[in-house]
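*Asks:* Take this structure first; my questions come after.
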Amino acid sequence: MRVPLLLLLASSLHATRPLGEKAFPKREARRVSSCVRCCGPAEQPSSITASRYTRMTSDSVYAMPRIQPTINITILKGEKGEMGERGISGPEGKAGERGLRGHSGQKGQKGHIGLPGNSCKQHYVAFSVGRRKPLHSSDYYQHVTFDTEFVNLYKHFNMFTGKFFCYVPGIYFFILNVHTWNYKETYLHIMKNDNEVVILYSQPSERSIMQSQSLMLDLHEGDEVWVRMFKRERENGIYSEESDIYITFNGHLIKPAVE
């Protein structure tokens with residue numbers, strides 16, 4: 322019994338061996354050309370390191386890793402340096418075009434009330450005088466004086482000399498009215514200090530007429546305004562009567578220089 326069983330087992334093993342060898346061929350062992358130390362990769366031959374590098378670079382599994390610094394470089398920043406000296410100014414450029422007008426700013430706050438000013442002082446100057454007596458020219462220039470006072474505010478017109486004296490500087494208006502004499506010439510000047518300013522003139526005629534002259538003058542303090550008759554070269558005169566006044570001289574302040 323045992324003998325046939327052993328023969329059967331031996332025959333089965335003999336029959337299955339070649340089939341197993343064909344189905345599973347033996348793998349040839351890779352031949353190592355040289356001895357390699359497992360603990361010293363730096364001492365490997367160049368041929369082995371070269372082949373390993375080629376295999377690692379050609380295979381996607383062995384891609385070379387990207388090495389990045391892990392140190393924060395901002396901590397290596399140094400301290401801020403000192404400010405340098407100011408450089409030389411460059412040449413001045415061309416003037417640019419005028420810009421557009423900006424928007425109006427906001428209304429500012431109301432200011433404080435100012436100190437009270439001085440009281441406004443009103444200045445009034447006026448005079449109006451007349452002459453009742455007629456007057457003839459002489460060999461020299463002569464003042465025309467006046468004997469009747471209509472208005473003489475603050476007595477700025479001197480009735481004795483026949484001159485207006487300026488106490489308040491400013492702009493003044495003056496007017497002179499006379500009555501001519503028949504067949505005689507009428508020739509007078511309105512004077513400012515010693516200067517002839519305007520003339521009042523009428524030619525001789527058989528009929529007498531009323532003649533006038535007016536002007537404005539800018540006077541300073543101390544200036545004088547008066548009337549002068551021209552010296553005798555021809556018969557020169559102005560007419561008036563005791564009962565009727567034909568000769569008048571008026572003036573008043575229009576605007577003071579200092580208000």
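Here the sequence shown stands for residues 322 to 580, numbered as in this note's numbering. Glycine included, C-beta positions come from ideal geometry on N, C-alpha and C.
1. Consult DSSP for residue 567 and reduce its assignment to one of helix, strand or coil.
2. So, are the CB atoms of residue 501 and residue 535 less than 8 angstroms apart?
3. To the nearest angstrom, report how far apart residue 495 and residue 439 are at their CA atoms.
4. What does the alpha-carbon distance come out to for the pair residue 465 and residue 561?
5. In this structure, how does DSSP classify residue 508 when only helix, strand and coil are distinguished?
6. Find out if the Cβ-Cβ distance for the pair residue 548, residue 509 is shorter than 8 angstroms.
7. Return the chain-ordered list of same chain residues with a C-beta closer than 6 angstroms to the C-beta of residue 518, the five sequence neighbours on each side being excluded.
8. So the candidates are 507, 493 and 461; which of them puts its Cα closest to the Cα of residue 525?
9. Going by DSSP in three states, residue 415 sits in which element: helix, strand or coil?
10. Using a threshold of 8 angstroms, state whether the C-beta atoms of residue 574 and residue 491 are closer than that.
*Replies:* Quick answer:
1. Position 246 of the sequence shown, counted from the first residue, corresponds to residue 567. It is coil, neither helix nor strand.
2. Start at 1 with the first residue of the sequence shown, and residue 501 comes out as number 180. Start at 1 with the first residue of the sequence shown, and residue 535 comes out as number 214. Against a cut-off of 8 angstroms, the Cβ pair of residue 535 and residue 501 comes out as no contact.
3. Taking the sequence shown and counting its residues from 1, one reaches residue 495 at position 174. Taking the sequence shown and counting its residues from 1, one reaches residue 439 at position 118. Approximately 31 angstroms between the Cα atoms of the pair.
4. If you number the sequence shown from 1, residue 465 lands on position 144. If you number the sequence shown from 1, residue 561 lands on position 240. For residue 465 and residue 561, the distance between alpha carbons rounds to 13 angstroms.
5. On the sequence shown, residue 508 is found 187 positions in, with the first residue counted as 1. Here residue 508 sits in strand by DSSP.
6. Position 227 of the sequence shown holds residue 548. Position 188 of the sequence shown holds residue 509. Against a cut-off of 8 angstroms, the Cβ pair of residue 509 and residue 548 comes out as a contact.
7. Position 197 of the sequence shown holds residue 518. Only 511 meet the Cβ criterion.
8. As a working mapping, residue 525 is identified with position 204 in the sequence shown. Residue 525 has its Cα closest to that of 507, out of 507, 493 and 461.
9. For the purposes of this step, residue 415 is taken as the residue at position 94 of the sequence shown. Residue state, collapsed to three classes: coil.
10. As a working mapping, residue 574 is identified with position 253 in the sequence shown. As a working mapping, residue 491 is identified with position 170 in the sequence shown. Yes, they are a contact pair.
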